[in-house]
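Residue numbers (full-length UniProt numbering): 1 to 341. Positions of the beta carbon are idealized from the N, C-alpha and C atoms, including for glycine. So the structure is just underneath, and the comments pick up after that.
Structural data, given as structure tokens:
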């Protein structure tokens, strides 16, 4: 049977209000002796404060919404990157005494509904397009503290952490160039003049410039970030680009799909074509061959996002600029010197 404030009060010989004040930290008018007695008896009885009561007294729900784009019911957690991020974010929130509510978002209207109807203290946007983040206004957000991960939006309401996408792509491409590759396919989703994929493309271009190599626009392949689409690209890659010796894919999921397609079409990785990904997901260690990739430290990014959001909620310290998470190249078995042609 659940122990109540009344049980503690009766055992301690004080009022229910006094016990409530001690439990909730309102101790200015309570003697040290009474505080000690109430805390001791509460511990002896195994009293656990009601989360809803604490939230009500603090005018805080301690609920954080994690909003993830989902076009349909099957796509919410289809991304291994998102799965890894959700796990790390939940762990960090739990450590700080907050609770996570996960919601798939199909359109801008659902973002507004989630922010206005859940009694959230804060919300994290994961995987949203910059134009979606741009659309959030002070009226939409209300009193909810909002943060977007991996966003290049200039919206001051959503500033959060993002990986150093430019440097990561530059490192990946430079690694291939240093191995002698000069016909390197850039594979990733469609992009505009701003955003994660654009930054990775600019890093790809800059790496070529660093060594005085030219890049060819014909080597850009627009493809969705899925295993299936990567496999489809890999199956016909050398039919479209017979001179290509390497691929830089903007995500590990895509890179592993490409390797599968190449293998099925009789192309050897890395003997014939080298492949580099981006993310450093756990599955890279189990790919055949093991995937060379860019590590963007998902653990650090999740912890930084939570720290920034909770600091904003508890101290009113809204961030003024994004935090850039350092990246590094992880060399494995999917890259090798360019074959002689």
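Open item on the list: Whole angstroms are fine: how far does the CA of residue 339 sit from the CA of residue 182?
Closed with: 11 Å
Task: As assigned by DSSP and simplified to three states, the class of residue 221 - done: strand
TODO: Return the CA-CA distance between residue 60 and residue 15, expressed in angstroms with no decimal places.
DONE: 25 Å
Task: Simplified DSSP state of residue 162, which is helix, strand or coil - done: strand
Task: Endpoints, beta strand (DSSP E) assigned at residue 187 - done: 184-188
TODO: Answer yes or no: the CB of residue 163 versus the heavy atoms of the ligand GTP, is any distance below 7 Å?
DONE: Annotation note on the ligand GTP: not contained in the displayed structure, which lists no ligands.
Open item on the list: Rounding to the nearest angstrom, what Cα-Cα distance links residue 330 and residue 174 in this structure?
Closed with: 13 Å
- [ ] Give the range of the beta strand (DSSP E) segment to which residue 274 is assigned.
- [x] 274-276
Task: residue 69 - DSSP class collapsed to helix/strand/coil - done: Strand.
TODO: From the DSSP output, in three-state form, read off residue 41 for me.
DONE: helix
TODO: Could you please give the first and the last residue of the uninterrupted alpha helix (DSSP H) stretch that includes residue 148?
DONE: Run containing residue 148: none in the alpha helix (DSSP H); it sits in the beta strand (DSSP E), 145-149.
- [ ] Helix, strand or coil for residue 216, going by three-state DSSP, please let me know.
- [x] Coil at residue 216, not helix or strand.
TODO: Return the CA-CA distance between residue 56 and residue 119, expressed in angstroms with no decimal places.
DONE: Summary for residue 56: the model assigns pLDDT 49, below 50, so the residue's position carries little reliability; its value from the coordinates is reported in the next sentence. Each residue's Cα considered, the two are about 11 Å apart.
TODO: On the DSSP bridge assignment, give the partners of residue 102 in chain order.
DONE: 66
- [ ] Assign residue 248 to one of three DSSP states: helix, strand, or coil.
- [x] strand
Task: Endpoints, beta strand (DSSP E) assigned at residue 122 - done: 122-126
Task: Contact set for residue 377: own chain, Cβ-Cβ below 7 Å, skip 5 residues either direction - done: Because the chain here runs from 1 to 341, residue 377 falls outside it and cannot be looked at.
Task: Spatial distance of residue 243 from residue 153 (CA atoms) - done: 37 Å
TODO: Spell out a yes or no on whether the segment 284-295 and the segment 111-118 are touching, meaning 3 or more CB-CB pairs, one atom from each, closer than 8 Å.
DONE: no
Open item on the list: Would residue 108 and residue 88 qualify as a contact pair, given that the criterion is a beta-carbon distance under 8 Å?
Closed with: no
Task: Coil, strand or helix - residue 56 by DSSP - done: Low confidence applies here, because residue 56 scores a pLDDT of 49, under 50, leaving its location unreliable; read the following figure in that light. In this structure, residue 56 counts as helix in the three-state DSSP scheme.
- [ ] Out of 269, 247 and 281, state which residue places its alpha-carbon closest to the alpha-carbon of residue 253.
- [x] 281
- [ ] Just grab the DSSP bridge partners of residue 295 for me.
- [x] Under DSSP, residue 295 takes part in a beta bridge, and its partners are 279 and 328.
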